[in-house]
Amino acid sequence: MNLRDPAGEDPLSEAERRQIHYWMRLTRTLDDRIISLWKQGRGLGGTFSQRGHEAISVGAGFALGPDDVVAPMHRDLGCYLLRGMTPARLLASQLGRATGVNRGRDANLHGCGDLDLNIIGFVSHLPQSMPVALGAAMAFQYREEPRVAMTFVGDGSSNTGLFHETLNLAAVHEAPLVVIVENNQYAYSTPISQQMAIEDISQRGTAQGVTSEIIDGNDVGAVHGAATVAVERARSGGGPTLIEAKTMRMLGHAIHDGAEYVPADLIDKWRKLDPLERYEQTLRDDGVSDDRAFGAVAARCKAEVASAVRFAEESEWPDPQTVAEGVYAP
Amino acid sequence: MTDGNFGFADQPASTGHQKTYIEAISDGLATEMANDPNVLVLGEDVGGSFGGAFNVTKGLAERFGDRRVLNMPMTELSFIGAANGMALMGLRPVIEVQFADFISTGFDSIVQFAATTHYRWGGSVPWVIRAPSDGGIRSGPFHSQNPEAWFVHTPGLKVVAPSTPADAKGLLISAIRDNNPVIYFESKPLYRSLKGPVPEGEHSVPLGMAAVTRQGTDATVISYGAMVHQALAAAGTLAGEGIDVEVVDLRTLKPLDTATVLESVAKTGRSLVVHAANRLAGIGAEIAAVIAEEAFESLDAPVMRIGGLDTPVPFSPPLEDVYRPDQHGIAEAVRRICSY
Ligand SMILES: Cc1ncc(C[n+]2csc(CCOP(=O)(O)OP(=O)(O)O)c2C)c(N)n1
Ligand SMILES: [Mg+2]
């Protein structure tokens, strides 16, 4: 469904809608496999699940063109995948192998940057990706290139001064920046009610002079529609946009966290709104796809992830002799 | 007046190839902006006809256009963060923090993002932060700091601290051309008090190379920034007493040119490190350790250090004067190491 015009045609072709479904399924499959690997003791360090965030990372990322730049965060596996970072590279990174995106230098999705794919890697300090994406947008402006930068940020991170500073600066410069706020109700164990006194984070964008809106973060059509409008606005000189996507973090903060502090009925409520199941239903209703096709997609994703696991686990470890390499750019 | 220009701004400009230290910085900036359209300046109050709290960027907006000289709100964390993004996209931003003291407000963008990115995933972050640093000019705890040790302790950064007008220009140009984040500590007390010859046009001084500023045989004084001039003054005094002092100006603090330091110490057998930053865990501690490890056999005396006291930088002259190293203390310390 296209939330911009619920009665209207979906602006995406059927093929594009099937692609979006594929990326969401691949994201879910890889995410599930990462969780099971870690539970089997085959992981390395900690890792994050993104379960429940597929519509946001895929829907928003799908609105970008190949020359646009994205600075995702730790729940945005889907965005990495659809930009061309393969499950094999991502898993090898998570397992600390030489074949990983960062050659064993950074953990889980951290530091999975690759400018050939126009992905900027993140640091732990949230929301450091925000001003960096803004700077990329300002560089495009400076060189008069028709490119857009997009970044993602959580509800917890929206409380920082840096969040407000960045929106303010983006508004002053009318920068071609799209900020996706993933309001998943929690920052680690802290519910949103203990983080802020306002109902909607989008107010913070409005306060800084950034066009801001709220969408259903579990409806990929809504996310993609809003992101497309924001990207077009940015590209045509209309300045930055903040999109608050309301969702729920369905598992713990990270793999070690059972999230017993989250009320069960809250999870139950959101489980019924699962973004992947909802999109499959929409595609069925619209006659774009069917269960047989979904089964084929699931099988394909499973096979891709299985081969990625093999690749990662069989990959060599980084050579200890290289530990000091790359601290400085030549 | 808190963020004033300390009465220096009204002094007449120098002419010809003789330039003040601050004019040399402006010259370096303008030279590299003319060379490379990817160089742009950003910071608080740097734009328009104003040109920054110290007027370093004065005239740049008129000459290169407002798009290349961007005023920023007083939000160091986000505008240094934005410079990270610009640099990743191939620009070479030169950031002015109004005073080095305010660099702490941008700390995460520097030490977490900029410093680690190339090591982690290969993104290169070629910016320069110009940080007007140092005291002795009665500016109190928040306009006098020398925070270089924080950054020397951070892998992935480079740190420079010129002591002469020629180096101020040449190191700035090299810093801008370097493909890594470089913090350029410029010395406020030298801004308009120090004049020297500065090559016109193209002039770069390589990063990572110390200079032997004065040749000597009896003791080595290792320093950087404004303290180099105190060391030279002390060397002049000591020459009258028959003590021949060699002065090494580090110029770059990271990467450190330990070879030049060790070569000098091998010759003199005595060494003193001097900086205006507080002594505890400062650059001097590192240099003393390197000398102890690498030049033990040539030492005739313990390696000594002089630095600021382990206090905030005090405001009132009688307090700042005991806080801050000077030529008299340096001369006294050299006499001591020469008495071994
Ligand atoms: C500046 C900073 N402080 C603390 C942390 C540790 N930390 C990692 S994620 C997190 C919660 C983030 O919450 P939110 O922004 O809502 O993102 P979510 O994990 O819910 O997707 C915290 C506290 C951090 N990464 N950065
Ligand atoms: Mg959250």
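Those protein sequence lines, which keep their order, are chains U and P.
In terms of our numbering, the numbers along the first sequence are unbroken and rise by one, the last being 413.
In terms of our numbering, the numbers along the second sequence are unbroken and rise by one, the last being 359.
We treat Cβ as the ideally placed atom computed from N, Cα and C, and that holds for glycine.
### Query
What residues match up with ARG265(U) in a beta bridge as DSSP calls it?
Checking the sequence, you will find Glu at residue 265(U) rather than Arg. According to DSSP, which records beta bridges pairwise, GLU265(U) is partnered with GLY237(U) and ALA328(U).
### Task
Taking only beta-carbon positions, decide if TRP140(P) is within less than 8 Å of chain U.
yes
### Message
Give the list of continuous beta strand (DSSP E) stretches no shorter than 3 residues that lie fully inside the segment 167-217 of chain P.
### Response
177-179, 201-206 and 214-216
#### Entry: Pairwise C-alpha distance: GLU205(P) and THR183(P)
10 Å
### Message
In the DSSP output, which residue or residues are listed as bridge partners for PRO149(U)?
### Response
Beta-bridge pairing links PRO149(U) to no other residue.
### Query
With contact counted as at least three CB pairs below 8 Å, one residue from each stretch, are the segment 117-130 of chain P and the segment 221-237 of chain U in contact?
no
### Message
Any heavy atom of ligand 1 inside 7 Å of the beta-carbon of ALA190(U)?
### Response
no
### Message
For GLN268(U), which residues in the same chain have their Cβ closer than 6 Å to its Cβ, ignoring the five residues on either side in sequence?
### Response
ILE275 and MET331
### Task
Please check if any C-beta of chain U sits within less than 8 Å of the C-beta of ILE356(P).
no
#### Entry: CB contact flag (VAL113(P), VAL75(P), <8 Å)
no
#### Entry: Beta-carbon gap between GLN177(U) and ILE117(U) smaller than 8 Å
yes
### Listed by chain order, chain U residues near PHE98(P) by CB distance under 7 Å
LEU252
### Query
At what residues does the alpha helix (DSSP H) containing MET52(P) begin and finish?
40-54
#### Entry: Distance, SER97(P) Cα to LEU250(U) Cα
9 Å
### Task
Examine the Cβ distances between the segment 137-145 of chain U and the segment 298-313 of chain U and report whether three or more of them are shorter than 8 Å.
yes
### Task
Tell me, please, whether the CB atom of ALA101(P) is closer than 8 Å to any CB atom in chain U?
yes
#### Entry: Identity of the residues DSSP links to ARG111(P) by a beta bridge
VAL58(P)
### Task
Label SER272(U) either buried or exposed according to how many other C-beta atoms from any shown protein chain fall within 10 Å of its C-beta, with 16 as the threshold for buried.
exposed
### Task
For LEU200(U), name the three-state secondary structure that DSSP assigns.
helix
### Message
Just to confirm my understanding: we take ARG343(P), look at its own chain, exclude 5 residues before and 5 after, and list those with CB closer than 7 Å. What are they?
### Response
GLY154, GLY155, ALA295 and GLY327
### Task
Report yes if the C-beta of ASP238(U) is less than 7 Å from at least one heavy atom of ligand 2; otherwise report no.
yes
### Message
For GLN117(P), would you say it is in contact with chain U, using Cβ-to-Cβ distances shorter than 8 Å as the test?
### Response
no
### Query
Is THR94(P) closer than 8 Å to ALA134(P) when the C-beta atoms are compared?
no
### Query
So ALA150(P) packs on ILE202(P), CB below 8 Å; how close in whole Å?
6 Å
#### Entry: For ARG233(P), the three-state DSSP class (helix, strand or coil)
strand
### Task
Could you list which residues in chain U have their beta carbon closer than 9 Å to that of HIS137(P), in chain order?
GLY409, VAL410, TYR411 and ALA412
### Query
Where do the N-terminal and C-terminal ends of the alpha helix (DSSP H) with ALA175(U) fall, by residue?
170-177
### Task
Could you spell out the range, first to last residue, of the alpha helix (DSSP H) harbouring GLY326(P)?
Taken as a continuous stretch (DSSP letters only), GLY326(P) belongs to no alpha helix (DSSP H), being part of the beta strand (DSSP E) at 323-327.
### Query
Taking Cβ positions only, does THR94(P) come closer than 8 Å to chain U?
yes
### Query
Where does ALA150(P) sit, in a helix, a strand or coil, going by DSSP?
strand
### Task
Please report how far the alpha carbon of TYR175(U) lies from the alpha carbon of PRO92(P), in whole angstroms.
According to the sequence displayed, residue 175(U) carries Ala and not Tyr. For ALA175(U) and PRO92(P), the distance between alpha carbons rounds to 41 Å.
### Task
Note down, in chain order, each residue of its chain lying with its Cβ closer than 7 Å to the Cβ of ILE195(P), except the 5 sequence neighbours on either side.
GLU51, VAL58, ARG111, VAL113 and VAL147
### Task
Check the Cβ-Cβ distances between CYS75(U) and every residue of chain P, and say whether any is below 8 Å.
An answer regarding residue 75(U) cannot be provided, because it is not within the stretch 84 to 413 covered by chain U.
### Task
Give the residues of chain U in contact with MET105(P), contact being defined as C-beta atoms less than 8 Å apart.
GLY218, ALA219, MET221, ALA222 and TYR225
### Message
I'd like to know if GLY62(P) contacts chain U, where contact means its C-beta is closer than 8 Å to some C-beta of that chain.
### Response
no
### Message
Which residues in chain U have a C-beta closer than 8 Å to the C-beta of ARG86(P)? List them in chain order.
### Response
TYR225
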